[in-house]
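Everything in the sequence shown is counted per the working numbering, starting at 5 for the first residue and increasing by one. Report on the following structure.
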Amino acid sequence: MKKFLILFLITMFHFQVFSQISEHSFDEKVEVPVKLDYVLYTPDGYKDSKKEYPLIVFLHGAGERGEDLSKVSVHGPLNYIKEGHKIDAVILAPQCPEEVYWRAHEVAALVKKVIKENRIDESRVYLTGLSMGGYGVWATGGEYPELFAAMAPVCGAIYRPIYRNISHIQKMPIWVFHGALDDVVSPTNSNEMVKTLKEAGNDVKYTVYPLANHNSWTETYNNPALYEWLLAQKK
């Protein structure tokens, strides 16, 4: 009798607990605050013109994070311009806060803001970046492919979730760069992504520098062919 009573009480307890459980679904847009400092370069003639210009978005590497905006021009397109070259495009170079990695939704939100507030040709918006910024290119381009006409990631790391978006960039013009001797971000990252893209039907361009370690960006961003190729792409 005692055993029966205990079993009865246990059964009733479980019944009462499970009777309080119900399933629900939450579906609502949630606003997320975004704060990114950035540099915006406008080419010669921009202020005196009414035409729309292409936009090149540059994502720096981990070493340029922080609050010193001068760091975003240490490498990449802005450094190329500092050395006396010209690029007939608006250049957006945001700065990632210290100890933070590029977040696709933040980059996309800033790009949309800059497009809205400036004379930008929305059919000619390009995304490029190096190292951590190369990862940011893959992540942002994969999540928001509708924003970009082409991408050029340099020695970027690839994380498995990025592969889920291969179909999003299946037809996007992409030029990938990596150093064959890179011991910071293994070239295997780019090798596998390029292989996957080609299997998906993307005619991706791939440049491997046989003698370069992690710094494959100097040769890449000092090459006018990169900018010529980017500016020739259009959605």
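By construction, the Cβ of each residue, glycine as well, lies at the ideal position given by its N, Cα and C atoms. If you're wondering where the values come from, they're calculated on a predicted model, not measured in any experiment.
Among the options, the one whose alpha carbon lies nearest that of residue i
{"i": "I124", "options": "I60, A97, I25, D72", "result": "I60"}
{"i": "V115", "options": "F62, S194, R69", "result": "F62"}
Residue i, DSSP secondary structure in three states
{"i": "L134", "result": "strand"}
{"i": "W142", "result": "helix"}
{"i": "S127", "result": "strand"}
{"i": "L215", "result": "coil"}
{"i": "G183", "result": "strand"}
{"i": "Y50", "result": "coil"}
{"i": "K86", "result": "helix"}
{"i": "V61", "result": "strand"}
{"i": "Y40", "result": "According to the sequence displayed, residue 40 carries Leu and not Tyr. Correct three-state label for L40: coil."}
{"i": "V78", "result": "coil"}
Local Cβ density within 10 Å of residue i, reported as buried at 16 or more and exposed below that
{"i": "V36", "result": "exposed"}
{"i": "Q237", "result": "buried"}
{"i": "P165", "result": "exposed"}
{"i": "L13", "result": "Unreliable positioning characterises L13 in this predicted model, as indicated by a pLDDT of 48, which lies under 50. The coordinate reading is nonetheless provided below. So L13 ends up on the exposed side."}
{"i": "N193", "result": "buried"}
Beta-carbon separation (whole angstroms), residue i vs residue j, contact threshold 8 Å
{"i": "L82", "j": "V118", "result": "Not quite, the Cβ-Cβ distance comes to about 15 Å (not below 8 Å), so this is no contact."}
{"i": "T132", "j": "A108", "result": "Not confirmed; about 15 Å, so no contact."}
{"i": "P98", "j": "V111", "result": "7 Å"}
{"i": "W106", "j": "G140", "result": "3 Å"}
Beta-carbon contacts of residue i that lie in its chain and below 6 Å, excluding the five residues immediately before and after
{"i": "W221", "result": "H79, L134, V158"}
{"i": "L234", "result": "Y130, A154"}
Neighbourhood of residue i by C-beta distance below 7 Å, restricted to the same chain and skipping five residues each side
{"i": "T46", "result": "V94"}
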